[in-house]
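Some notes on the structure that comes next.
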Amino acid sequence: MRYLVTGGAGYIGSHIVLALLDAGHEVEIIDNLSTGHRKAVPSAARLHEVDLRDGAALASIFGAHQWDGVFHLAALSIVGESMRDPLHYLEHNFTSSLNLIRSCTQHGVRKMVFSSTAALFGGPDRHGAITEDAAIIPGSAYGESKFFIERTLHWADQVHGLRSACLRYFNAAGADPDGRAGEDHKPETHLIPLALDAMLHRRPALQIFGTDYETPDGTCIRDYTHVSDIAAAHICVLDVLDQRSVAYNLGTGTGHSNLDVLKSIARVSGRDVPWHAAERRAGDPSGLVADATSFTRDTGWTPRYAAIDQIIATALAWRARHPDGYGDAARQIDAASVMRR
Ligand code: UDP
7 MRYLVTGGAG YIGSHIVLAL LDAGHEVEII DNLSTGHRKA VPSAARLHEV
57 DLRDGAALAS IFGAHQWDGV FHLAALSIVG ESMRDPLHYL EHNFTSSLNL
107 IRSCTQHGVR KMVFSSTAAL FGGPDRHGAI TEDAAIIPGS AYGESKFFIE
157 RTLHWADQVH GLRSACLRYF NAAGADPDGR AGEDHKPETH LIPLALDAML
207 HRRPALQIFG TDYETPDGTC IRDYTHVSDI AAAHICVLDV LDQRSVAYNL
257 GTGTGHSNLD VLKSIARVSG RDVPWHAAER RAGDPSGLVA DATSFTRDTG
307 WTPRYAAIDQ IIATALAWRA RHPDGYGDAA RQIDAASVMR R
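Each residue of the sequence shown is one higher than the one before, starting from 7 at the first, in the working numbering.
The following block contains the structure:
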C-alpha cells in the first residue's frame, strides 16, 4: 500500500513511518520541518518539504499517485504556547488540516488516521480512566484546534465518504527499541527527556511543577504510552476504517505520577534525578489516564512496551546516544555507562 504521513519527520510521525516501512508499505512524508528533523526521515521514505497551507504543492503530491491512506500528524502542538497565541494555533492547525482534508476528498483518498489528543479532555480534574464518551472540554487552544479538525473529518465522511480514525494520544514517550528514532523537541518541555538530561547532568535539577495535587504523592499523573505502540496502533486501526469512521482514546490505562517517573529512571539507570518542587504549571490537569478498552476490543491492539521501565530504558538509550537529538551524531556517550541493564 502507499501512504502519506504529514509530520512524518516529527517524534510520533517518524515512528509511524518506521512501522509502515517495516510492514512493507511505500511511504512519503509531508513536513515543513518547522519542528521535524530531516535526519529523522529514513532513506526509504521520500520527504516533501512542504507546508500544508500550500495548496498547489498538495495538488501536485496528491495528483502523483493513488494514495491508500493519509496519516495526519503535522500540527503546532505545545499547549502552553497555544495559550500565549490561541488565534494563531487555531488558525494554523485548522487551515492546514482543512487544506489536507480537501485534497483527500478531491483525489479520492478513502482513509485518514488523525493525530488527536487527550487535551480534548482538559476540563475539570478527573479521577479514573477517560472513556470516549467523556465530555469534550478542551482546556487549551491546542486541544480546541484538534477538536475543530475532528469535527471537520466528521463532515468529510458524511458528505464525501472520507473515513477517519481520530486517535487521542495521551503521553507519548520512549524511543524506537532498535534505536532508529527518538524524541527531539527544541525547546524541550516534556518530563521524561528533561528528567533524563537532569540525571545525565546535562541540565540543572528538574523542576517538578506542583507537589500539592490531590494525588497519592501530590504530583500529576499521566498515562505514558510507548511511541512505537502508538505507531503500531495506527496500522491496527486501518481495518476498522473499512467499516466506519471512529474516535478512540489511546493509552495503556495505567497512570504514573511525576515522582514515579523519577523512580523508574533511578531503577533503570542506577542514578537519581536531581529535582526540586516548583509552582504548578498553568493548565496541567492532575490526572490524565486513557481507558483504551474500545480500541483494544475493536482492533486487538495491546501495548508491547507497557511497563514504565521499558519506556524509560528506550528513551534513555536514545538520549544517551544522541546528546543533541538529531543535531549531533558525533558526541555520543556510552549508553551502557548510564544504564544498569
Ligand atoms: N513536568 C514537570 N517538570 C517539567 C516538565 C513537565 O513537573 O520540567 C510535569 C508536568 O507538569 C506534567 C507532567 O510532567 O504534570 C507531564 O508533562 P509533559 O509536558 O511531559 O506532558 P503533558 O502531560 O503536559 O502533555
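Yeah, the Cβ is synthetic: ideal placement off N, Cα and C, and Gly gets one too.
Tell me the DSSP secondary structure of residue i in three-state form.
i: Lys192; result: coil
i: Glu150; result: helix
i: Leu111; result: The sequence shown places Thr at residue 111, rather than the Leu named in the question. Looking at Thr111 - three-state DSSP - the assignment turns out to be helix.
i: Ser20; result: helix
i: Leu294; result: strand
i: Arg157; result: helix
i: Ser251; result: coil
i: Leu256; result: strand
i: Met205; result: helix
i: Arg116; result: coil
i: Phe127; result: helix
i: Asn38; result: coil
i: Met136; result: In the sequence under discussion, the amino acid at residue 136 is Ile, which differs from the Met named in the question. DSSP places Ile136 in strand when its eight states are reduced to three.
i: Gly331; result: helix
With 16 other CB atoms within 10 Å as the buried threshold, where does residue i fall?
i: Trp161; result: exposed
i: Glu220; result: exposed
i: Pro205; result: Residue identity check: residue 205 is Met in the sequence provided, not Pro. Under this definition Met205 is a buried residue.
i: Thr195; result: exposed
i: Asp330; result: exposed
i: Ala15; result: buried
i: Thr320; result: buried
For residue i, write down the residues that DSSP places opposite it in a beta bridge.
i: Phe301; result: In the DSSP output, where bridge partners are listed per residue, Phe301 has none listed.
i: His262; result: Arg228
i: Tyr175; result: Thr123 and Leu256
i: Trp281; result: Leu212
Rounded to whole angstroms, what is the Cα-Cα separation between residue i and residue j?
i: Leu27; j: Arg44; result: 17 angstroms
i: Glu32; j: Ala298; result: 29 angstroms
i: His262; j: Ala63; result: 43 angstroms
i: Pro193; j: Val267; result: 21 angstroms
i: Met164; j: Ala326; result: One detail in the question is off: residue 164 reads as Gln in this sequence, not Met. One C-alpha to the other measures close to 48 angstroms.
i: Ala171; j: Met118; result: 6 angstroms
i: Ile314; j: Asp229; result: 10 angstroms
i: Ile35; j: Val23; result: 8 angstroms
i: Thr231; j: Leu265; result: 17 angstroms
i: His240; j: Phe120; result: 9 angstroms
i: Cys242; j: Ile271; result: 30 angstroms
i: Gly185; j: Ala323; result: 7 angstroms
i: Asp334; j: Ala312; result: Any reading at Asp334 needs caution, since the residue's pLDDT is 42, under 50, leaving its predicted position unreliable; the model's value is listed next. Each residue's Cα considered, the two are about 30 angstroms apart.
i: Leu200; j: Ile214; result: 11 angstroms
Quiz item: Does the stretch 67–76 touch the stretch 201–213, meaning 3 or more C-beta pairs lie closer than 8 angstroms?
Solution: no
Quiz item: Do the stretch 241–248 and the stretch 175–190 touch if we need at least three Cβ pairs shorter than 8 angstroms?
Solution: no
Quiz item: Is it a yes or a no for the stretch 90–107 touching the stretch 135–150, going by three-plus beta-carbon pairs under 8 angstroms?
Solution: yes
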